[in-house]
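Going by UniProt numbering, the sequence shown opens with residue 1, and the numbers climb by one from there. Even for Gly, the Cβ is constructed at its ideal location relative to N, Cα and C. To start, the structure under review is shown below, and the notes come after it.
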Amino acid sequence: RWEKRVKRERAIAKINSDFVEEIRGDEGFAKVSECLKELGGVYSNNEADYFSLTSVCNSGLYEADFGWGNPVWVSLGNAGTDDPALVNLIFLMDTRSGDGIEAWVNLSEQEMSVFECDPELLAFASLDPSPLSCPL
Numbered sequence: 001r002w003e004k005r006v007k008r009e010r011a012i013a014k015i016n017s018d019f020v021e022e023i024r025g026d027e028g029f030a031k032v033s034e035c036l037k038e039l040g041g042v043y044s045n046n047e048a049d050y051f052s053l054t055s056v057c058n059s060g061l062y063e064a065d066f067g068w069g070n071p072v073w074v075s076l077g078n079a080g081t082d083d084p085a086l087v088n089l090i091f092l093m094d095t096r097s098g099d100g101i102e103a104w105v106n107l108s109e110q111e112m113s114v115f116e117c118d119p120e121l122l123a124f125a126s127l128d129p130s131p132l133s134c135p136l
């Protein structure tokens, strides 16, 4: 456990002003992915499961107008869908109507098969709705 703690602290220590400058460039996503893989390696052999959660709620993404009106739907593209460093990542964002939250959940196939059948989840959530069926 001590070795994992040291590895984790070293990986976190790499997040400094130089790192921030590196991720601003064209290779920013690759650099962040590399850092997450390093942290993921520390946790992957751990006895506990880990999950990362981030949110862009209340950030005004649906208010962006690049000259052709506000977006009908904002998405992450396919970020992280095949990147093992981003497994167990939960990303929250507002719905277009502003009265709900989209949760982009990236899990292993095994965990996702259990998660998407959970009765409590299904009582409150729509799984993978089409953006065309969502109210404007």
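Local conformation of residue i per DSSP, three classes
i	result
Leu61	helix
Ala125	coil
residue 138	What the structure shows of the chain is the stretch from 1 to 136, and residue 138 is not part of that stretch, so it cannot be assessed.
Val32	helix
Ser75	coil
Glu102	strand
Ile15	coil
Ser113	helix
Arg10	helix
Glu3	helix
Rounded Cβ spacing between residue i and residue j (contact assumed at less than 8 Å)
i	j	result
Cys35	Ala13	At roughly 11 Å, the Cβ-Cβ gap does not stay under 8 Å, so Cys35 and Ala13 are not in contact.
Trp104	Phe91	4 Å
Leu89	Asn106	5 Å
Under 9 Å between C-beta atoms of residue i and residue j
i	j	result
Pro71	Arg96	yes
Lys31	Glu22	yes
Met93	Cys117	no
Ser108	Val74	no
Backbone CA spacing between residue i and residue j [nearest angstrom]
i	j	result
Leu122	Leu61	26 Å
Glu9	Glu63	38 Å
Which residues DSSP lists as bridging residue i, in chain order
i	result
Phe91	Thr54 and Trp104
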